[in-house]
Ligand code: 5RP
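What follows is the structure, given as structure tokens:
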């Protein structure tokens, strides 16, 4: 089996080339670009296919400051979701994931970008996940902690409400920055683990019903096409 980094690079570039071949990535399209170490090689491969003349007039909506910087470096034009040329809807969004279950439900937000990632994913005709083999699980949220973006002022009541739903919560702390992680939207993040396995589709809505929650990392409503790597190192689409 190839290394995790090699899997990320492989699955990202094979996905971009396959989606071009299938006509799902095409010149003139509006594309959402995710965040993280698997989304990054996908963005880099997209830029290569623009540079080699395969694609033209790509309009990108990014999901984080990090991906904004990457697009600026690569010369991919970036728009707001609200720009008239985008009109609040994307043809396709491609992104990484923290966990993917057998129904292609997903946990995202390990890189603290879940809110803008969900805005892009849920406002796209096609949603695509690229994921190394370690991300494929049987049950979401029992290994990787589910990220929940919250308004800092509501931290204590939100934690109490999540405890009542059966979750243990940890406030995500900054690295080389004192205090909590502050998202690109100015909010804070809880990472939560369930005492018992939960139904992600039900829990996505229940968590978002708590006052002070901005959104959570369960993505169950726009089922993605998932590209991953199988045991012999070849890319599979499911
Ligand atoms: C960022 C995300 C990422 O897509 C997710 O954390 C996977 O990251 P990586 O590809 O680096 O493993 O949701 O908020």
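Residue numbers (the numbering used here): 130 to 367. From the three backbone atoms N, C-alpha and C, an ideal C-beta is built for every residue, glycine too.
Residue i (DSSP reduced to helix, strand or coil)
{"i": "residue 326", "result": "coil"}
{"i": "residue 193", "result": "coil"}
{"i": "residue 336", "result": "helix"}
{"i": "residue 302", "result": "strand"}
{"i": "residue 140", "result": "helix"}
{"i": "residue 342", "result": "strand"}
{"i": "residue 353", "result": "coil"}
{"i": "residue 261", "result": "coil"}
{"i": "residue 368", "result": "No information on residue 368 is available, as it lies outside the stretch 130 to 367 that the chain covers here."}
Residue i CB to nearest heavy atom of the ligand 5RP below 7 Å
{"i": "residue 335", "result": "no"}
{"i": "residue 262", "result": "no"}
{"i": "residue 146", "result": "no"}
{"i": "residue 244", "result": "no"}
{"i": "residue 255", "result": "no"}
{"i": "residue 357", "result": "no"}
{"i": "residue 166", "result": "yes"}
{"i": "residue 241", "result": "yes"}
Nearest-angstrom Cβ-Cβ length linking residue i and residue j, presumed shorter than 8 Å
{"i": "residue 283", "j": "residue 346", "result": "Wrong, their Cβ atoms sit about 18 Å apart, outside the cutoff."}
{"i": "residue 249", "j": "residue 222", "result": "4 Å"}
{"i": "residue 246", "j": "residue 224", "result": "6 Å"}
{"i": "residue 267", "j": "residue 328", "result": "Between residue 328 and residue 267 the Cβ distance is about 14 Å, and since that is not below 8 Å, they are no contact."}
{"i": "residue 279", "j": "residue 343", "result": "6 Å"}
{"i": "residue 170", "j": "residue 138", "result": "5 Å"}
Residue i versus the options, residue with shortest Cα-Cα distance
{"i": "residue 188", "options": "175, 195 and 240", "result": "175"}
{"i": "residue 337", "options": "294, 362, 153 and 137", "result": "294"}
{"i": "residue 203", "options": "296, 186, 177 and 312", "result": "177"}
{"i": "residue 218", "options": "208, 226 and 227", "result": "208"}
{"i": "residue 185", "options": "169, 154, 166 and 196", "result": "154"}
{"i": "residue 228", "options": "265, 199, 196 and 179", "result": "265"}
{"i": "residue 334", "options": "239, 145 and 277", "result": "277"}
{"i": "residue 132", "options": "348, 263 and 302", "result": "263"}
_Start-end ranges of the alpha helix (DSSP H) lying completely within the segment 190 to 238, minimum 4 residues_ = Every alpha helix (DSSP H) of 4 residues or more that sits fully in the segment 190 to 238 is shown, in chain order, as 194 to 203.
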